[in-house]
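A.B. asks:
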Amino acid sequence: MLASFLRTNRQAAKLSKPTLENLTPVVLRPEIVRPEIRKPEVLRPETPRPVDIGSGGFGDVGALESMRGNADLAYILSMDPCGHCLIINNVNFCRESGLRTRTGSNIDSEKLRRRFSSLHFMVEVKGDLTAKEMVLALLELAQQDHGALDCCVVVILSHGCQASHLQFPGAVYGTDGCPVSVEKIVNIFNGTSCPSLGGKPKLFFIQACGG
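Quick look at the structure:
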């Protein structure tokens with residue numbers, strides 16, 4: 001064995017210089033020679049998978065889970081029907097008011113009716129109401145029992161104007177040209193006037209173009 005080893009060394013010593021120059025060195029990485037020093041893998045968090053949340057939209061799983069874990073930051077809407085939705089659509093105004101016909105508002109009203117119906121609201125549409133009739137319609141809605149419902153929506157499509165206020169600016173016109181302040185509309189549904197909606201979301205959508 002020793003003789004064979006010596007012969008191999010002597011043969012290697014006799015290699016010509018060009019032959020040595022053509023040899024390619026092999027360098028082993030440290031983790032191959034000593035696997036215990038292999039660098040730890042960095043695990044990246046998985047990108048949240050989008051999920052369908054119904055009605056044609058998509059949500060972030062992480063955001064949805066976070067919302068479920070913070071119930072105090074979101075309303076739980078689980079009842080079916082979800083609630084009442086009143087749409088007041090004023091299109092034609094009396095001549096004395098000087099307000100123009102709101103061409104195209106019927107299209108908006110119908111789209112809103114379909115949308116809130118698809119969201120499981122009980123939708124009622126009232127058209128061309130005077131200021132007094134608007135207030136009566138809102139009072140009638142507020143006086144209903146909302147105890148078994150989760151939410152209430154009021155949509156008003158009309159002409160509007162500026163009005164003095166403490167919290168909510170602006171006013172909307174009835175078809176007789178008389179304004180109803182937004183503040184009055186909102187206060188009809190406060191905890192005193194409408195206790196069955198206490199602690200529940202009340203949504204007001206007002207499209208009020210000037211003149």
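Going by UniProt numbering, 12 is the number at position 12 of the sequence shown; the sequence numbering is gapless.
Ideal Cβ placement from N, Cα and C applies to all residues, glycine included.
It should be emphasised that the depicted structure is a prediction, and the values quoted were computed from it without experimental measurement.
1) Using 10 angstroms around the beta-carbon of Ile76, count the other beta-carbons present and answer buried if the total reaches 16, otherwise exposed.
2) Please classify Ala74 as buried or exposed, where buried requires at least 16 neighbouring CB atoms within 10 angstroms.
3) Are the beta-carbon atoms of Pro123 and Ile87 separated by less than 9 Å?
4) Report the three-state DSSP secondary structure of Val172 (helix, strand or coil).
5) From which residue to which residue does the beta strand (DSSP E) around Phe189 run?
6) Along the chain, where does the alpha helix (DSSP H) that runs through Ala142 open and close?
7) Check Lys202 in the structure and name its three-state DSSP category.
8) So who's on the other strand from Lys126, going by DSSP bridges?
9) With a threshold of 16 other CB atoms inside 10 Å of the CB of residue 220, please say whether the residue is buried or exposed.
10) Check whether the Cβ atoms of Asp128 and Val91 sit closer than 9 Å, and answer yes or no.
11) Distance check for Pro201 and Lys126, CA to CA, integer angstroms please.
12) Measuring only the C-alpha atoms, how far is Asn89 from Lys184?
13) Going straight from the alpha carbon of Ser97 to that of Met79, what length do you get?
14) Pro48 to Ser109, Cα distance in whole Å?
15) Hey, quick one: how far does the alpha helix (DSSP H) through Leu157 stretch, first residue to last?
C.D. replies: Inspection of the coordinates gives the following:
1) Counting from one through the sequence shown, the residue named residue 76 turns up at place 76. Flag for Ile76 reads exposed.
2) Position 74 of the sequence shown, counted from the start, is the residue given in the question as residue 74. Looking at its Cβ environment, which holds fewer than 16 other Cβ atoms inside 10 Å, Ala74 is exposed.
3) In the sequence shown, counting from the first residue as 1, residue 123 sits at position 123. In the sequence shown, counting from the first residue as 1, residue 87 sits at position 87. Residue identity differs from the one stated: residue 123 is Val in this sequence, not Pro. Yes, these two residues count as a Cβ contact at 9 Å.
4) On the sequence shown, position 172 is the one that residue 172 refers to. Strand at Val172.
5) On the sequence shown, position 189 is the one that residue 189 refers to. Run containing Phe189: none; DSSP gives neither H nor E here.
6) Along the sequence shown, one-based indexing puts residue 142 at 142. Its alpha helix (DSSP H) spans residues 131–142.
7) In the sequence shown, counting from the first residue as 1, residue 202 sits at position 202. In this structure, Lys202 counts as strand in the three-state DSSP scheme.
8) The residue given as residue 126 occupies position 126 in the sequence shown. DSSP lists Ile88 as partners of Lys126.
9) The structure shown does not extend to residue 220, since the chain is modelled only from 1 to 211, so the question has no answer here.
10) Taking the sequence shown and counting its residues from 1, one reaches residue 128 at position 128. Taking the sequence shown and counting its residues from 1, one reaches residue 91 at position 91. Cβ atoms of Asp128 and Val91: closer than 9 Å.
11) Numbered from 1 along the sequence shown, position 126 holds the residue referred to as residue 126. Numbered from 1 along the sequence shown, position 201 holds the residue referred to as residue 201. Here the C-alpha atom of Lys126 lies approximately 22 Å from the C-alpha atom of Pro201.
12) Mapped onto the sequence shown, residue 89 falls at position 89. Mapped onto the sequence shown, residue 184 falls at position 184. Cα-Cα distance, rounded: 18 Å.
13) For the purposes of this step, residue 97 is identified with residue 97 of the sequence shown, where counting begins at 1. For the purposes of this step, residue 79 is identified with residue 79 of the sequence shown, where counting begins at 1. Roughly 42 Å separates the two Cα atoms.
14) Residue numbering aside, residue 48 sits at position 48 when the sequence shown is read from its first letter. Residue numbering aside, residue 109 sits at position 109 when the sequence shown is read from its first letter. Its pLDDT being 46, under 50, Pro48 is placed unreliably in this model, and the coordinates cannot settle the point.
15) Stepping through the sequence shown from its first residue, residue 157 is reached at position 157. Taken as a continuous stretch (DSSP letters only), Leu157 belongs to no alpha helix (DSSP H), being part of the beta strand (DSSP E) at 151–161.
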